[in-house]
Amino acid sequence: MCPDGDSGVPVLKFPPEAADCGSNEMWKQCVSSSCAETTCTKRFVGPSCTYDCIYGCYCADGFHRNAEGNCVSSDQCPPEEQNLGNKRGVVVWLRLIVRTGLQRRLAWHEGAINSSHIALFKAGCGNK
Numbered sequence: 001m002c003p004d005g006d007s008g009v010p011v012l013k014f015p016p017e018a019a020d021c022g023s024n025e026m027w028k029q030c031v032s033s034s035c036a037e038t039t040c041t042k043r044f045v046g047p048s049c050t051y052d053c054i055y056g057c058y059c060a061d062g063f064h065r066n067a068e069g070n071c072v073s074s075d076q077c078p079p080e081e082q083n084l085g086n087k088r089g090v091v092v093w094l095r096l097i098v099r100t101g102l103q104r105r106l107a108w109h110e111g112a113i114n115s116s117h118i119a120l121f122k123a124g125c126g127n128k
């Protein structure tokens, strides 16, 4: 038996207490593991996210996780990592929005897709 009634078994607190995060990071609560932050290779989250609930330190708004695991501004992302595969994802998402008329109900995510993108797409600027 442990002294003072301590069983030695750690007690997990839920939700977990906020941790001290690193540079350009912030504590996020109950976020999707696939949409909690952006990276240098994937600048926008979505269009679909996992329906899970995780807690932790993630890149703050305006910063992207680089290959070394640091949160950096867009101009600090290495050229070989910038926007890989992102343009196609945005175009597919815009096609879905335009074809289904979802633009009025869509909650724009941090300006990733906005009304000017929709206008350009409808004008034929995103059909490639």
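For the sequence shown, the residue numbers in full-length UniProt numbering are 1 to 128.
Each residue gets a CB set at the ideal place from its N, CA and C atoms; glycine is no exception.
Values in this document were obtained by computation on a predicted structure and should not be read as measured data.
Per DSSP, reduced to three states, the secondary structure at E17 is coil, with no helix or strand assignment. Take the alpha-carbon of V31 and the one of E80: they are about 28 Å apart.
Secondary structure note for Q29: its beta strand (DSSP E) is the uninterrupted segment E25 to V31. Around G69, the same chain offers no residue with a beta carbon nearer than 7 Å, after the five sequence neighbours per side are excluded. Annotation: E17 to S23 spans about 19 Å, alpha carbon to alpha carbon.
Taking C-alpha positions only, K42 is separated from G56 by approximately 20 Å.
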